[in-house]
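Right, here's the structure in full:
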């Protein structure tokens, strides 16, 4: 049995993570890779066009606004509390242990759901790639759970192992994976604009218009909200850079800068690629508004833009994008569990540190195990149920992002009176971000309640609603149970506003 280090909060000076392992470039790379830009665009642009038409670039911009406001909250909180527990630690200091615990659970729930679904996508795209080169029938391969499930579990195991071996190796892997993604996106954008400008684009192509950036032209309020909800989801993941803050050079500043940089780069990426796609194939029934290709719009442009190798190239890009975000989802969730354990909000075993790699060993392994078990359970029950879990993930994301934004506004409420900059950055912008995320949460829950929302109906209401709200309620139950077993954290004895940040001194 390999030796592990199990810290106790009473005599800790740090949680045991490796110091100064990642710089600004590595941090930004991890933040971008966490959002899976190629996969997110492939799976979202089509549905955006179906909802808001030509205004899809405007929806991307509107979805960026709450993300930017929340990024400000993360940046300011990390400046004074550079703790890898992020939302858990910050909310516990601002609002008390129960809000903090639920914030930590929101991160864990979103992570578990996403790992399961990302592994499924990775397995399916691997089989599609195999079919491209062998001539096998892709649909038959994808429908064979005896192939898909073991392959998905293999992806989870491999990426859990890479994460276990240290954040430096994870960052190096992400350089490669993200580089491939942006090379493919650049090829799509350049060739699409070239074809449009030279009149060689297919029928339905159109010259880009400034009106595509006007959110007021979306048509109606419901379309505006639905488009914004879709756009918000594809920005999720950049907060990974805050979860590795204790392992980042200049941990009080670099993670916050990385978060802001990541969201801005993503905004530019999403808007430019969406405009290029709209210009090249248009928004008609034979273009981006084709419901049959809405879940993978790059299939429309693979061969025309990139030639005979277009389909394999894009399959590889989406596969690598999915693998990258799977790995960077395991990473923050494991560190969140580590922080919760150190402050005695989870069993002590979760605070174990691998002595060679200085990673949260047990938490990382458990993230892979739980994510894999969740995947196998729902995949065996029903593919439709598994699909509804990923549709419900927006509730968990809006939940813990919203908590973080309100935490910043409340934690800094007195400092906000020191000047105009302090009022804006420490109070008003985070507060607006929290209010917007609350609105997104409520509107999402209302929409998901409808029986015809998603792929299943449970108890006469949308299965997506049951999955999303149910995941949060599971957290409430687990919190009550742990409160009965180990009440010290819930009495405020191990984590409160004046608790020192458990990171090594510079």
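Residue numbers (our numbering): 5 to 510.
Where is the CB? At the ideal position from N, CA and C, for every residue including glycine.
For this session: Check residue 195 in the structure and name its three-state DSSP category.
Result: Taking the chain shown and counting its residues from 1, one reaches residue 195 at position 191. Collapsing the DSSP output to three states places residue 195 in a helix.
For this session: Consult DSSP for residue 86 and reduce its assignment to one of helix, strand or coil.
Result: By one-based count along the chain shown, residue 86 stands at place 82. In the structure shown, residue 86 sits in coil (DSSP, three-state: anything other than H, G, I, E or B).
For this session: Would you give the residue range spanned by the alpha helix (DSSP H) that residue 378 belongs to?
Result: Here residue 378 corresponds to residue number 374 of the chain shown, with the count starting at 1. From DSSP, the alpha helix (DSSP H) with residue 378 extends over 365 to 385.
Exercise. Going along the chain, which residues of its own chain have a beta-carbon closer than 7 Å to the beta-carbon of residue 14, five neighbours each way excluded?
Worked result: Locating residue 14 in the chain shown gives position 10, where the first residue counts as 1. Low confidence applies here, because residue 14 scores a pLDDT of 44, under 50, leaving its location unreliable; read the following figure in that light. Cβ-Cβ distances below 7 Å link residue 14 to nothing in the same chain once the five nearest sequence neighbours on each side are left out.
Exercise. Taking the alpha helix (DSSP H) that residue 358 falls in, what are its first and last residues?
Worked result: For this step, residue 358 is matched to residue 354 along the chain shown. The continuous stretches of alpha helix (DSSP H) do not include residue 358, and DSSP gives it neither H nor E.
Exercise. Which whole-angstrom value is the C-beta distance of residue 80 and residue 429, which I expect to be below 8 Å?
Worked result: Counting from one through the chain shown, the residue named residue 80 turns up at place 76. Counting from one through the chain shown, the residue named residue 429 turns up at place 425. Indeed they touch by this definition, with Cβ atoms about 6 Å apart.
Problem set entry | Pairwise C-alpha distance: residue 355 and residue 344 | Working through the chain shown from its first residue, we reach residue 344 at position 340. Working through the chain shown from its first residue, we reach residue 355 at position 351. CA-to-CA, the gap between residue 344 and residue 355 works out to about 8 Å.
Problem set entry | Best match in 365, 494, 34 and 205 for proximity to residue 181 [C-alpha to C-alpha] | Numbered from its first residue, the chain shown carries residue 181 at position 177. Per the Cα distances, 34.
For this session: Report back the beta-carbon spacing between residue 19 and residue 88 to the nearest angstrom; my notes put them in contact at under 8 Å.
Result: To locate residue 19, count along the chain shown from 1; it is residue 15. To locate residue 88, count along the chain shown from 1; it is residue 84. Right, the Cβ-Cβ distance comes to about 7 Å (below 8 Å), so this counts as a contact.
For this session: Kindly indicate which residue of 315, 246, 268 and 70 has the alpha-carbon position closest to the one of residue 135.
Result: Position 131 of the chain shown, counted from the first residue, corresponds to residue 135. Comparing Cα positions, the closest option is 315.
Exercise. Near residue 98, which residues of its chain fall below 6 Å by C-beta distance, leaving aside the five closest residues on each side in sequence?
Worked result: For the purposes of this step, residue 98 is taken as the residue at position 94 of the chain shown. Result list for residue 98: 411, 414 and 415, in chain order.
Exercise. What's the C-alpha gap between residue 202 and residue 157?
Worked result: In the chain shown, the residue the question calls residue 202 occupies position 198. In the chain shown, the residue the question calls residue 157 occupies position 153. Using only the alpha carbons, I get a separation of about 46 Å.
Exercise. With burial defined as no fewer than 16 other Cβ atoms inside 10 Å of the residue's Cβ, what is the status of residue 418: buried or exposed?
Worked result: As a position in the chain shown, residue 418 is number 414, starting the count at 1. Label assigned to residue 418: exposed.
Problem set entry | Terminal residues of the alpha helix (DSSP H) in which residue 226 lies | Locating residue 226 in the chain shown gives position 222, counting from the first residue. Per DSSP, residue 226 belongs to the alpha helix (DSSP H) from 225 to 239.
Problem set entry | Cross-strand partners of residue 153 (DSSP beta bridge) | What you label residue 153 is simply residue 149 of the chain shown in a count that begins at 1. BP columns for residue 153 are empty, so no partner.
For this session: Since I believe residue 196 is in contact with residue 318 (beta carbons under 8 Å), could you give me their beta-carbon distance rounded to a whole number of angstroms?
Result: Within the chain shown, residue 318 is the residue found at index 314, counting from 1. Within the chain shown, residue 196 is the residue found at index 192, counting from 1. Residue 318 to residue 196, Cβ: 13 Å. No contact.
Problem set entry | Those residues which DSSP pairs with residue 42 across a bridge | For this step, residue 42 is matched to residue 38 along the chain shown. In DSSP, residue 42 forms no bridge with anything.
Exercise. Looking at C-alpha atoms only, which residue of 479, 272, 358 and 456 is the closest neighbour of residue 468?
Worked result: For the purposes of this step, residue 468 is identified with residue 464 of the chain shown, where counting begins at 1. Residue 468 has its Cα closest to that of 456, out of 479, 272, 358 and 456.
For this session: Alpha carbon to alpha carbon, how far is residue 128 from residue 462? Give it in angstroms, no decimals.
Result: Locating residue 462 in the chain shown gives position 458, where the first residue counts as 1. Locating residue 128 in the chain shown gives position 124, where the first residue counts as 1. Residue 462 and residue 128 have their alpha carbons spaced roughly 27 Å apart.
Problem set entry | Enclosing alpha helix (DSSP H) for residue 517 [first to last residue] | The chain is shown from 5 up to 510; residue 517 falls before or after that span and cannot be answered.
For this session: Would you mind reading off the limits of the alpha helix (DSSP H) that contains residue 101?
Result: Within the chain shown, numbered from 1, the residue matching residue 101 stands at position 97. Annotation for residue 101: the continuous alpha helix (DSSP H) segment containing it runs 101 to 138.
Problem set entry | Residue environment, residue 304, which counts as buried when at least 16 other CB atoms sit within 10 Å | Locating residue 304 in the chain shown gives position 300, counting from the first residue. Buried, since its Cβ has 16 or more Cβ neighbours within 10 Å.
Exercise. For residue 110 versus residue 403, is the C-beta spacing smaller than 8 Å?
Worked result: The sequence position of residue 110 within the chain shown is 106, counting from 1. The sequence position of residue 403 within the chain shown is 399, counting from 1. In contact: residue 110 and residue 403 (Cβ atoms closer than 8 Å).
Exercise. Given that a residue counts as buried once 16 or more other Cβ atoms are within 10 Å of its Cβ, and exposed if not, what is residue 177?
Worked result: Against the chain shown, residue 177 aligns to sequence position 173. Its Cβ being crowded by 16 or more others within 10 Å, residue 177 is buried.
For this session: Determine the direct distance from the alpha carbon of residue 459 to that of residue 450, and round the result to whole angstroms.
Result: Your numbering for residue 450 matches position 446 in the chain shown. Your numbering for residue 459 matches position 455 in the chain shown. In this structure, the CA atom of residue 450 is about 16 Å from the CA atom of residue 459.
Exercise. Where do the ends of the alpha helix (DSSP H) carrying residue 316 lie?
Worked result: Walking along the chain shown from the start, residue 316 turns up at place 312. Unbroken alpha helix (DSSP H) run through residue 316: 314 to 346.
Problem set entry | Helix, strand or coil at residue 465 [DSSP, three-state] | Your numbering for residue 465 matches position 461 in the chain shown. Here DSSP, grouped into helix, strand and coil, assigns residue 465 to strand.
For this session: Compare the beta carbon distance of residue 248 and residue 26 with 8 Å and say whether it is the shorter of the two.
Result: Counting from 1 along the chain shown, the entry for residue 248 is found at position 244. Counting from 1 along the chain shown, the entry for residue 26 is found at position 22. Residue 248 places its beta carbon less than 8 Å from that of residue 26.
Exercise. Using a Cβ-Cβ cut-off of 6 Å (strictly less than) and excluding sequence neighbours within five positions of residue 117, which residues of its own chain qualify?
Worked result: In the chain shown, counting from the first residue as 1, residue 117 sits at position 113. For residue 117, the CB contacts under 6 Å within the same chain, skipping 5 residues up- and downstream, are 393 and 397 in chain order.
For this session: Determine the extent of the alpha helix (DSSP H) in which residue 457 is found, giving its start and end residues.
Result: Start at 1 with the first residue of the chain shown, and residue 457 comes out as number 453. In the DSSP assignment, residue 457 falls outside any alpha helix (DSSP H), carrying neither H nor E.
Problem set entry | Among 54, 101, 70 and 76, the one whose alpha carbon lies nearest that of residue 493 | Within the chain shown, numbered from 1, the residue matching residue 493 stands at position 489. Relative to the Cα of residue 493, the nearest Cα in the group 54, 101, 70 and 76 belongs to 101.
For this session: Measure the beta-carbon distance from residue 42 to residue 325 and round it to whole angstroms, keeping in mind my assumption that it falls under 8 Å.
Result: In the chain shown, the residue the question calls residue 42 occupies position 38. In the chain shown, the residue the question calls residue 325 occupies position 321. Right, their Cβ atoms sit about 4 Å apart.
Exercise. Residue 252 bridges to which residues according to DSSP?
Worked result: The count along the chain shown starts at 1 and reaches residue 252 at position 248. According to the DSSP secondary-structure assignment, residue 252 is paired through a beta bridge with 26.
Exercise. When the Cα atoms are used, what is the spatial distance from residue 372 to residue 328?
Worked result: Counting from 1 along the chain shown, the entry for residue 372 is found at position 368. Counting from 1 along the chain shown, the entry for residue 328 is found at position 324. Straight-line spacing of the CA atoms in residue 372 and residue 328 works out to 15 Å.
Problem set entry | Boundaries of the alpha helix (DSSP H) in which residue 305 is found, first to last residue | Translated into positions along the chain shown, residue 305 becomes position 301. Note, residue 305: alpha helix (DSSP H), 302 to 310.
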